[in-house]
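**Student:** In numbering that gives the first Met the number 0, the protein residues as written are 0 to 118.
We put the CB at the ideal spot given by N, CA and C, even for glycine.
Let me begin by handing over the structure; questions about it come next.
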Amino acid sequence: MSLSIVKSMRPGGVVQIAPRGEIDVDTAYEVREAIAEVLAKGRPSRIELNMRLVTFIDSVGISAMVAGFQTCEVSGVKLVVTEPSRFVHRQLWVTGLLGLFGAPEPWFADDTPEVLPGA
């Protein structure tokens with residue numbers, strides 16, 4: 000499977016980078032490049048790496064995320080992970096890196112608020 004990455008501006012000078020697919024030895028460089036490209040264009044208040052649509056990540060992908068975190072740190076920009084898929088959340092937890100990326104809760108496709116009868 001391939002990887003696609005969408006970048007978008009959010010309110011408050013936040014840039015969201017949203018990869019979709021698998022981040023592995025063949026595609027991890029794309030995540031690093033996306034972060035570097037955002038930083039080359041300016042200094043956002045924060046970069047949010049939205050990992051909701053990432054179906055797989057290996058150690059090379061995790062390494063790319065850490066490299067991106069370090070690049071942002073040197074630039075004075077905070078990098079956080081938002082809405083990690085359950086797989087990504089598990090990988091970050093197992094590697095002890097969940098806290099580094101803001102300790103996000105896993106995103107579940109069926110996480111919709113329950114509507115109570117008569118509400």
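Assuming residue 16 and residue 71 are in contact, meaning their beta carbons sit under 8 Å apart, how far apart are those beta carbons, in whole angstroms?
**Tutor:** No, residue 16 and residue 71 are not in contact; Cβ-Cβ is about 11 Å, not under 8 Å.
**Student:** Tell me the DSSP bridge mates of residue 77?
**Tutor:** 45
**Student:** Just the Cα atoms here: how many angstroms apart are residue 103 and residue 1?
**Tutor:** 25 Å
**Student:** Report the residue from 81, 98 and 8 whose alpha carbon sits nearest the alpha carbon of residue 53.
**Tutor:** Measuring from the Cα of residue 53, the nearest candidate turns out to be 81.
**Student:** Can you tell me which of the three DSSP states residue 8 falls into?
**Tutor:** The answer is strand: DSSP assigns residue 8 an E or B state.
**Student:** Are the beta-carbon atoms belonging to residue 27 and residue 73 less than 8 Å from one another?
**Tutor:** no
**Student:** Using only alpha-carbon positions, find the residue among 25, 38 and 66 that is nearest to residue 123.
**Tutor:** Any answer about residue 123 is impossible in this case: the structure gives the chain only from 0 up to 118.
**Student:** Per DSSP, what kind of secondary structure is residue 118 in: helix, strand or coil?
**Tutor:** Model confidence at residue 118 stands at a pLDDT of 46, short of 50, so the residue's coordinates are unreliable and nothing is read from them.
**Student:** Sort 84, 48 and 56 by Cα distance to residue 22 and report the nearest one.
**Tutor:** 56
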